[in-house]
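Residue numbers (UniProt numbering): 1 to 201.
Note that CB positions come from ideal geometry on N, CA and C, so glycine has one too.
Values in this document were obtained by computation on a predicted structure and should not be read as measured data.
Encoded as structure tokens, the structure appears first; notes follow it.
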């Protein structure tokens, strides 16, 4: 079977996407190292090895770069696919343990992105709105995991959801894994054991 021929337009589109990804990777490194607010477009361009006008042409604003960084992080973590695996678990405790594994995988794939988001919350109203929308999506998935266990929980659903969100607070992961030296396996077990003990009895 003949291989498809790359047309000039397809090639340009592929190159443009690769450039966007290179810029996003460079920005992610700089945002993590020096903070979102203090990182300039010029610095991102230099790190990515492109002209500043290329960054503006590809994204327009830092906010759009941050949005792509988030989307790529969620894709790398398999966030939606792994969430579907959690919902597919029939046993309530297995579903809770799956929820703990989902959280561990998300943070393991990009806790630096979580910290970038935290540091960017004092930026413009538009940036804050972007961050709220991204966090809302994560919280909706987490809340849906817990709500799917209604009828098996020993506490009201909203209390159970609040507990899961509390365990998922970035400061908890940072304290236990980064500061106290817990491995991600231990963190996952702790979250799973806590959810099972508190929510299922």
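Out of 146, 84, 149, 116, the CA that lies nearest to the CA of residue 135 is found in 116.
Closest option to residue 144, judged by alpha-carbon separation, among 181, 185, 98: 98. Note on residue 142: 16 or more other CB atoms within 10 angstroms of its CB, so buried under the neighbour-count rule. Here the region 31-41 makes contact with the region 52-71; the two share three or more CB pairs at distances below 8 Å. For residue 88, the enclosing alpha helix (DSSP H) starts and ends at 79-88. Separation of residue 82 and residue 106 (C-alpha to C-alpha, rounded to the nearest whole angstrom) is 10 Å.
Burial check for residue 24: the Cβ neighbour count within 10 Å reaches 16 or more, so the residue is buried.
Between residue 112 and residue 26 a beta carbon distance of about 14 Å is seen, past the 8 Å cut, so the two are scored as non-contacting.
Closest in alpha carbon position to residue 21, among 64, 199, 151, is 64.
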